[in-house]
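*Asks:* The listed protein sequences correspond, in order, to chains A and B.
Mind the numbering: the first sequence is residues 82 to 322 in the working numbering, read in order.
Mind the numbering: the second sequence is residues 42 to 301 in the working numbering, read in order.
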Amino acid sequence: MNFFKGWDKVVSEIPEFLTAFLCVTVWVAIVGTLLALTIGIVVGLMSSSKNKFIRFIVRVYVEFFQNTPILIQIFFIYLALPAFGVRLHEMTIAIMIVSLYHGAYISEIVRSGVESVPKGQYEAAESQGFSHIQSMVYIVLPQTIRLILPPLTSQIVALFKNTSVLQVIAGGDLMYVAASWAGYTGITAPPYLIAAVLYFSICYPLTCLSRYFEKKNEAGYVQKKSKDPAILQLEGGALDV
Amino acid sequence: MKKLLVWVLALVMSFTLVGCGSDDSSSTIDKIKAAGVLKVGVKDDRINFGLQNTDTKEYEGYEIDIAKAIAKEILGDENAIEFTPVTAATRAGLLDGGEIDCIVATFTITDERRESWNFSTPYYTDAVGVMTKKGVYEGLKDMDGATVAVAVSTTSKDSIIAAADDLGVTLNFKEFAGAPECVAALNSGVVDGYTIDVTSLLSYLNDSLEILPDRFSPQDFGVATRLDDKEMTDLVESVITKLTDDGTLAKWQAAWGIDS
Numbered sequence: 082m083n084f085f086k087g088w089d090k091v092v093s094e095i096p097e098f099l100t101a102f103l104c105v106t107v108w109v110a111i112v113g114t115l116l117a118l119t120i121g122i123v124v125g126l127m128s129s130s131k132n133k134f135i136r137f138i139v140r141v142y143v144e145f146f147q148n149t150p151i152l153i154q155i156f157f158i159y160l161a162l163p164a165f166g167v168r169l170h171e172m173t174i175a176i177m178i179v180s181l182y183h184g185a186y187i188s189e190i191v192r193s194g195v196e197s198v199p200k201g202q203y204e205a206a207e208s209q210g211f212s213h214i215q216s217m218v219y220i221v222l223p224q225t226i227r228l229i230l231p232p233l234t235s236q237i238v239a240l241f242k243n244t245s246v247l248q249v250i251a252g253g254d255l256m257y258v259a260a261s262w263a264g265y266t267g268i269t270a271p272p273y274l275i276a277a278v279l280y281f282s283i284c285y286p287l288t289c290l291s292r293y294f295e296k297k298n299e300a301g302y303v304q305k306k307s308k309d310p311a312i313l314q315l316e317g318g319a320l321d322v
Numbered sequence: 042m043k044k045l046l047v048w049v050l051a052l053v054m055s056f057t058l059v060g061c062g063s064d065d066s067s068s069t070i071d072k073i074k075a076a077g078v079l080k081v082g083v084k085d086d087r088i089n090f091g092l093q094n095t096d097t098k099e100y101e102g103y104e105i106d107i108a109k110a111i112a113k114e115i116l117g118d119e120n121a122i123e124f125t126p127v128t129a130a131t132r133a134g135l136l137d138g139g140e141i142d143c144i145v146a147t148f149t150i151t152d153e154r155r156e157s158w159n160f161s162t163p164y165y166t167d168a169v170g171v172m173t174k175k176g177v178y179e180g181l182k183d184m185d186g187a188t189v190a191v192a193v194s195t196t197s198k199d200s201i202i203a204a205a206d207d208l209g210v211t212l213n214f215k216e217f218a219g220a221p222e223c224v225a226a227l228n229s230g231v232v233d234g235y236t237i238d239v240t241s242l243l244s245y246l247n248d249s250l251e252i253l254p255d256r257f258s259p260q261d262f263g264v265a266t267r268l269d270d271k272e273m274t275d276l277v278e279s280v281i282t283k284l285t286d287d288g289t290l291a292k293w294q295a296a297w298g299i300d301s
C-alpha cells in the first residue's frame, strides 16, 4: 500500500503547511466571514424591503451565487480580471468570492429569520413611531439572531472549507501547498490527511458551537423534560422565552 | 480487506495464466505474421506525434509514421496495423500483457526503465521549453521576475529553475492542476509563461503565443519492446537505424513541424 507511505518525509513539511494554513486559509476565512456577514445582513434586510426594484436586484444576486459552482466563480474572476487591466492578489479574489458566495446564503437565512417574526411586532413598533430601519434594528433583528445563529454558524464552517478553492488559482493556501507537495513527491495520502486534520481542527469546534446554539434554541421553545419532579415543579412548565 | 484482495488477485491471475497457455513457443514476429496485423501502442492526443483525427478517426503524426514503417518491414504493408491509444499509466501493462507488440508513444528512455523494457535508439529528442505571449521576451534571460505556470507533479519546474539559475534569472511559480488550467492562465495573462515538454507545448500553441528558443533537460524518446523479446527488439532497432541513416526521420520531423 504505497498510497499511505511517506510519513517520515512529510513531517519536515508540517511547518510549511501550518504557515499556509494560518497566513492564507485562516486569514481569508476570517476576513471572508466578516464580509459575508455584512453582505448577508444588508442584503437579507434589503430583500424584505418594500421597493420592488431592490428586491429584484437582490434576487438576481442571490440566485446567481447560489446556483453556480463556486469553482467556476473564482476561476472565471481570476482569468477575466486581467482582460480589464486589473490584477488582484489571489487572496483578495478568494475573499471576494467566498464572501459573495456565502453572503448570498446568509442573506437568505437573515431573510427567513426576519420573515419569521410575527407581523404584530412591526405594527407595534410602527405604532410607537419607529421607522422601518429602526424597527428592524431594535425590534426584529434581536429576535431573529437566536433563531438564525445555528444555520449561520454552519455557513461559516462551509466558508472555511470553501477557502480551498484558492488551490485552483494557485493561491498558496493549505490545499495548494498539500496538493503541490503531493504532486511533486508522489507521496499522496499523508499531506492530504494532514490538511484534513487542520481543517477539522477549526471546523469541528464551530460545528459543535452550531449544535450548542441549536440545543439552546430548542430549550428556549420546548418545555423542559426533567426526571426530577422538584425541578419540574420549580419551572412550572412555563415557556422559557 | 487485504485477504479478499489477495483472493481476487489470485483469481484474476489464474485466468490470465490460462489465457497465456496456448502458443508460448512461437515468437512475437511469427504471431504478428499469423495475425497479419501489428499492434502498436500510440498516443491519441499529442499533436504532430500521435493524434487521432476527430473527424476521420485516423491516427496521424510522426510516431504513427514510424509505427507504419515497422509494420511495412514485418508484413510488407504499412496499413496492416492496429493502433491502441496508451497513457503513461496503461502502456506498461498493455505491452507486458501482450495486448500490444511495441510502444511508440513519447516514451522517454531512462536507465530505470531499461531494466523493465528494451528501447530502440532514440528517434526524437524532446526537451523542456517555455511558452509565452508573442513578442514579450526574446529568451529565458529576459524573464527575470516573471511568473511561470507549471502543472502539479511534473518535473519541468526543476529543469527551468536550474537553467534560470545559470542565467542569473529568478522566476516565480504558480502550480495548477493540469495543462488546460496553465494554458488558460497564460492566455488570460495572470502568468507570463508556461513550462513543460516542448511536444506538449506544441499542442497548445496559438497565434498569440510563442515557444522561446531555450531548451532544458533533453529527453530521448525510444520505441519500447518487451525485455525478453529479442527478435522484435532487433527488428525495431534495424528499422529505426535505417530511417535515421537515410534521413527519413529528419524529413518526417520537418514535415510534422517538430524539427528543432
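Ideal placement from N, C-alpha and C gives every residue a C-beta, glycine not left out.
Assuming the contact rule is C-beta atoms closer than 8 Å, residue 224 of chain A and residue 198 of chain A should be a hit. Round their C-beta distance to whole Å, please.
*Replies:* The count along the first sequence starts at 1 and reaches residue 224 of chain A at position 143. The count along the first sequence starts at 1 and reaches residue 198 of chain A at position 117. Contact flag correct, Cβ pair sits at about 5 Å.
*Asks:* Run down chain B in chain order and give the residues with a C-beta less than 9 Å from the C-beta of residue 245 of chain A.
*Replies:* Position 164 of the first sequence, counted from the start, is the residue given in the question as residue 245 of chain A. Going along chain B, no residue has its Cβ under 9 Å from residue 245 of chain A, so there is no contact; the nearest lies around 13 Å.
*Asks:* Measuring only the C-alpha atoms, how far is residue 86 of chain B from residue 92 of chain B?
*Replies:* Here residue 86 of chain B refers to the residue found at position 45 when the second sequence is read from its first residue. Here residue 92 of chain B refers to the residue found at position 51 when the second sequence is read from its first residue. In a straight line, the C-alpha of residue 86 of chain B is about 5 Å away from that of residue 92 of chain B.
*Asks:* Are the beta-carbon atoms of residue 172 of chain B and residue 102 of chain B separated by less than 9 Å?
*Replies:* What you label residue 172 of chain B is simply residue 131 of the second sequence in a count that begins at 1. What you label residue 102 of chain B is simply residue 61 of the second sequence in a count that begins at 1. No, the pair does not count as a contact, with Cβ atoms beyond the cut-off.
*Asks:* In whole angstroms, give me the CA-to-CA distance for residue 251 of chain B and residue 166 of chain B.
*Replies:* As a first step, residue 251 of chain B is located in the second sequence; it is residue number 210 there, counting from the start. As a first step, residue 166 of chain B is located in the second sequence; it is residue number 125 there, counting from the start. Whole-angstrom Cα-Cα distance: 20 Å.
*Asks:* Of all the options A:230, A:277 and A:237, which has the alpha carbon lying nearest to the alpha carbon of residue 109 of chain A?
*Replies:* Locating residue 109 of chain A in the first sequence gives position 28, counting from the first residue. Nearest of A:230, A:277 and A:237 to residue 109 of chain A, Cα basis: A:237.
*Asks:* Within 9 Å (strictly less), CB to CB, does residue 109 of chain A reach chain B?
*Replies:* To locate residue 109 of chain A, count along the first sequence from 1; it is residue 28. Cβ-Cβ to chain B under 9 Å: no for residue 109 of chain A.
*Asks:* Hey, residue 163 of chain A and residue 231 of chain B: beta-carbon distance below 9 Å or not?
*Replies:* Within the first sequence, residue 163 of chain A is the residue found at index 82, counting from 1. Within the second sequence, residue 231 of chain B is the residue found at index 190, counting from 1. Yes.
*Asks:* Below 9 Å on C-beta distance, what does residue 160 of chain A contact in chain B?
*Replies:* Taking the first sequence and counting its residues from 1, one reaches residue 160 of chain A at position 79. What residue 160 of chain A touches in chain B: 225, 226, 228, 229, 230 and 231.
*Asks:* Taking a contact to mean a Cβ-Cβ separation below 9 Å, would you say residue 327 of chain A touches residue 244 of chain A in this structure?
*Replies:* No statement about residue 327 of chain A is possible, as the shown extent of chain A runs from 82 to 322 and does not include it.
*Asks:* Can you give the Cα-Cα distance for residue 118 of chain A and residue 175 of chain B, rounded to whole angstroms?
*Replies:* On the first sequence, position 37 is the one that residue 118 of chain A refers to. On the second sequence, position 134 is the one that residue 175 of chain B refers to. Approximately 45 Å between the Cα atoms of the pair.
*Asks:* Taking a Cβ distance cut-off of 7 Å, strictly less, list which residues of the segment 165–196 of chain A are near chain B, in chain order.
*Replies:* Per Cβ criterion, the list is empty.
*Asks:* Buried or exposed: which applies to residue 88 of chain A, given that a residue is buried once 16 or more other Cβ atoms fall within 10 Å of its Cβ?
*Replies:* For the purposes of this step, residue 88 of chain A is identified with residue 7 of the first sequence, where counting begins at 1. So residue 88 of chain A ends up on the exposed side.
*Asks:* Out of curiosity, what's the CA-to-CA distance linking residue 293 of chain B and residue 263 of chain B?
*Replies:* Residue mapping note: residue 293 of chain B aligns to position 252 of the second sequence, counting from 1. Residue mapping note: residue 263 of chain B aligns to position 222 of the second sequence, counting from 1. Straight-line Cα distance between these residues: approximately 16 Å.
*Asks:* Between B:276, B:78, B:126 and B:296, which lies nearest to residue 84 of chain B when the distance is taken from Cα to Cα?
*Replies:* As a position in the second sequence, residue 84 of chain B is number 43, starting the count at 1. With distances taken between Cα atoms, residue 84 of chain B lies closest to B:126.
*Asks:* Identify each residue in the segment 196–221 of chain B for which the Cβ-Cβ distance to at least one residue of chain A is less than 7 Å, and report them in chain order.
*Replies:* 215, 216, 217 and 218
*Asks:* I'd like the ranges of any alpha helix (DSSP H) spanning at least 4 consecutive residues and lying wholly in the segment 165–226 of chain A.
*Replies:* 171–197 and 200–208
*Asks:* How big is the Cα-Cα spacing for residue 63 of chain B and residue 194 of chain B?
*Replies:* Walking along the second sequence from the start, residue 63 of chain B turns up at place 22. Walking along the second sequence from the start, residue 194 of chain B turns up at place 153. The pLDDT assigned to residue 63 of chain B is 43, lower than 50, so where the model puts this residue is not dependable; a value taken from the coordinates is nonetheless given after this. Residue 63 of chain B and residue 194 of chain B: Cα-Cα distance of roughly 42 Å.
*Asks:* Would you please verify whether the beta carbon of residue 157 of chain B is less than 9 Å from any beta carbon of chain A?
*Replies:* In the second sequence, counting from the first residue as 1, residue 157 of chain B sits at position 116. Residue 157 of chain B does not count as touching chain A.
*Asks:* If we define contact as Cβ-Cβ less than 9 Å, is residue 129 of chain B a contact residue for chain A?
*Replies:* On the second sequence, residue 129 of chain B is found 88 positions in, with the first residue counted as 1. Cβ-Cβ to chain A under 9 Å: no for residue 129 of chain B.
*Asks:* Let me see if you follow: with CB-CB separation under 9 Å, is residue 156 of chain A close to chain B or not?
*Replies:* The residue you call residue 156 of chain A lines up with position 75 of the first sequence. Answer yes: the Cβ-Cβ gap between residue 156 of chain A and chain B drops below 9 Å somewhere.
*Asks:* Which of the residues in the segment 241–256 of chain B, read from start to end, lie with their CB under 8 Å from any CB of chain A?
*Replies:* none
*Asks:* Since residue 165 of chain B is in the beta strand (DSSP E), which residue starts that stretch and which ends it?
*Replies:* For the purposes of this step, residue 165 of chain B is identified with residue 124 of the second sequence, where counting begins at 1. Run containing residue 165 of chain B: 165–174, per the beta strand (DSSP E) assignment.
*Asks:* DSSP three-state call for residue 122 of chain B: helix, strand or coil?
*Replies:* Residue mapping note: residue 122 of chain B aligns to position 81 of the second sequence, counting from 1. Strand at residue 122 of chain B.
*Asks:* Near residue 81 of chain B, what residues of its chain come up, given a Cβ to Cβ distance below 8 Å and the 5 sequence neighbours on each side ignored?
*Replies:* Taking the second sequence and counting its residues from 1, one reaches residue 81 of chain B at position 40. Around residue 81 of chain B: 108, 111, 112, 122, 123, 124, 125, 141, 142, 143, 144 and 145.
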